[in-house]
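Residue numbers (my numbering): 132 to 286. Think of the CB as a built atom: it goes at the ideal place given N, C-alpha and C, for glycine as much as any other residue. What follows is a set of notes on a single structure, which appears directly below.
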Amino acid sequence: MKPIFRTDLSLLILFVLSLFSGIQIDYASHFQSHEVWHNWAVFHILVSLAFVILGVLHVQTHWGWYKSLITKGIGKKSKVTIWLSFIFLITSLTGFILLGVCCRQFHIGMWHYRLGIIFTIIGIGHFIKRFPILWKTIIKWRQFLTPVRSCNNRN
């Protein structure tokens, strides 16, 4: 399996976990104890940190695409990917800022929350556009791992 495929699949899994834990943080802040909120927040931080690290690796793999933005301009480049990259950067920055401030800094948390929603919407669009490529790779990988059965052996 190619490293880019492993990175992409891992990003998808971490994206879902980060989204789910972010929803749980919001839910816990309204309806559950501080301890439950804290547990979800720790989980969200760990998953999101892994997501950011893999996101940076993903950008590195596609660095030629980003360099061509500077040299050749936007042109026919995917606007969704450009916006996703921008929102990813800002959402990550607000998340890192939240790690260093007291929870009373409510406005930063609300910015992170809103940006997370925007990132989710754009991220889903980014994924949907690339799903056929990912699916083909999954099918190839699955066929490679499936053992070949002999017609003579019916056990």
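Could you have a look at residue i and say whether DSSP puts it in helix, strand or coil?
i: V226; result: Strictly speaking, residue 226 in this sequence is Gly, with Val absent from that position. Helix at G226.
i: G204; result: coil
i: I155; result: Note that residue 155 corresponds to Gln in the displayed sequence, not to Ile. In the structure shown, Q155 sits in a helix (DSSP, three-state: H, G or I).
i: S160; result: helix
i: S209; result: coil
Going by Cα to Cα distance, which pick from the options is closest to residue i?
i: T138; options: G254, I184, S209, H175; result: I184
i: F227; options: H243, G153, W214, G254; result: H243
i: W214; options: G195, I255, I156, Q191; result: I255
i: I218; options: V167, Q191, F250, A181; result: F250
i: I253; options: F146, P134, I135, F136; result: F146
Just curious, the alpha helix (DSSP H) that residue i is in, first and last residue?
i: H193; result: Neither: H193 is in no alpha helix (DSSP H) and is coded neither H nor E.
Alpha carbon to alpha carbon, what distance is there between residue j and residue i?
i: G206; j: Y197; result: 12 Å
i: K267; j: G231; result: 42 Å
i: P263; j: K210; result: 19 Å
i: L188; j: I154; result: 26 Å
i: S223; j: F162; result: 26 Å
i: L246; j: I269; result: 31 Å
i: F258; j: K208; result: 16 Å
i: F182; j: Q191; result: 14 Å
i: L140; j: K271; result: 14 Å
i: E166; j: S152; result: 14 Å
i: M241; j: H169; result: 17 Å
i: L142; j: G186; result: 7 Å
i: D157; j: R261; result: 30 Å
i: I144; j: T225; result: 22 Å
Tell me whether residue i, by its Cβ, gets closer than 7 Å to a heavy atom of the ligand GDP.
i: I239; result: This structure lacks the ligand GDP; in fact it carries no ligand of any kind.
Using a Cβ cut-off of 8 Å (strictly closer), state whether residue i contacts chain D.
i: K203; result: No chain D appears in this structure, which consists of one protein chain only.
| request: Take every Cβ of the stretch 193–205, pair it with every Cβ of the stretch 168–180, and state whether three or more of those distances are shorter than 8 Å. | output: no
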